[in-house]
Amino acid sequence: MSQSQPAPERQDSNRIYHVLSNKHAREILRQIATDSKTIQDLTAVCSASRVTIYRQLDRLQEAGLVSTQMSYDPDGHHRRTYRARHAEITIAVGHEGLTVDIDHRCQ
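Each residue of the sequence shown is one higher than the one before, starting from 1 at the first, in UniProt numbering.
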């Protein structure tokens, strides 16, 4: 007997809800909602370790909520910056379960 797979939209909704259920992920999103920040910036303002911040950024990227950009200074050093990709995320609970509505204005 085979199990049916959830619809792609439902998988995305579940993934986003799961990621956002973590307080550190939400804190990171608040910090990068309007300005790009580096890992160093985030460790200075978030109440989480560097390892936790990296882990949550990976999860946020996998869920499509964060974008990254690599920049190089004249000395050849590089830095990756992170920024939230969406203006607004709304989670609703209905008779069919959770739904996630993402406002894509920031992309």
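C-beta: ideal position from N, C-alpha, C; glycine also.
When you compare each of the options to residue i by their alpha carbons, which one comes out closest?
{"i": "glutamine 56", "options": "Asp35, Ser13, His24, Tyr17", "result": "His24"}
{"i": "lysine 37", "options": "Val66, Val51, Val93, Gly76", "result": "Val66"}
{"i": "valine 100", "options": "His77, Gly64, Ile39", "result": "Gly64"}
{"i": "aspartate 35", "options": "His95, Thr68, Ser13", "result": "Thr68"}
In whole angstroms, give me the CA-to-CA distance for residue i and residue j.
{"i": "valine 46", "j": "serine 21", "result": "Per the sequence shown, the amino acid found at residue 46 is cysteine instead of valine. Roughly 16 Å separates the two Cα atoms."}
{"i": "valine 19", "j": "leucine 98", "result": "14 Å"}
{"i": "glutamine 107", "j": "threonine 43", "result": "Unreliable positioning characterises glutamine 107 in this predicted model, as indicated by a pLDDT of 47, which lies under 50. The coordinate reading is nonetheless provided below. Each residue's alpha carbon lies about 25 Å from the other."}
{"i": "isoleucine 102", "j": "histidine 86", "result": "7 Å"}
{"i": "tyrosine 72", "j": "tyrosine 82", "result": "15 Å"}
{"i": "glutamate 96", "j": "glutamine 61", "result": "26 Å"}
{"i": "arginine 26", "j": "histidine 78", "result": "26 Å"}
{"i": "glycine 94", "j": "asparagine 14", "result": "14 Å"}
{"i": "arginine 50", "j": "glutamine 31", "result": "15 Å"}
{"i": "isoleucine 89", "j": "threonine 52", "result": "22 Å"}
{"i": "alanine 33", "j": "proline 74", "result": "28 Å"}
What I want to know is whether the C-beta of residue i ends up closer than 7 Å to one or more non-hydrogen atoms of the ligand GDP.
{"i": "isoleucine 28", "result": "By its list of ligands, the structure shown contains no ligand whatsoever, and the ligand GDP lies outside what it can speak to."}
How far does the beta strand (DSSP E) with residue i in it extend, from its first residue to its last?
{"i": "glutamate 88", "result": "88 to 94"}
Would you kindly check if the distance between the Cβ of residue j and the Cβ of residue i is under 8 Å?
{"i": "tyrosine 17", "j": "isoleucine 39", "result": "no"}
{"i": "leucine 29", "j": "alanine 92", "result": "no"}
{"i": "methionine 70", "j": "arginine 80", "result": "yes"}
Quiz item: Whole alpha helix (DSSP H) runs in the segment 23 to 84 with 4 or more residues, listed along the chain?
Solution: 23 to 31, 39 to 45, 50 to 62
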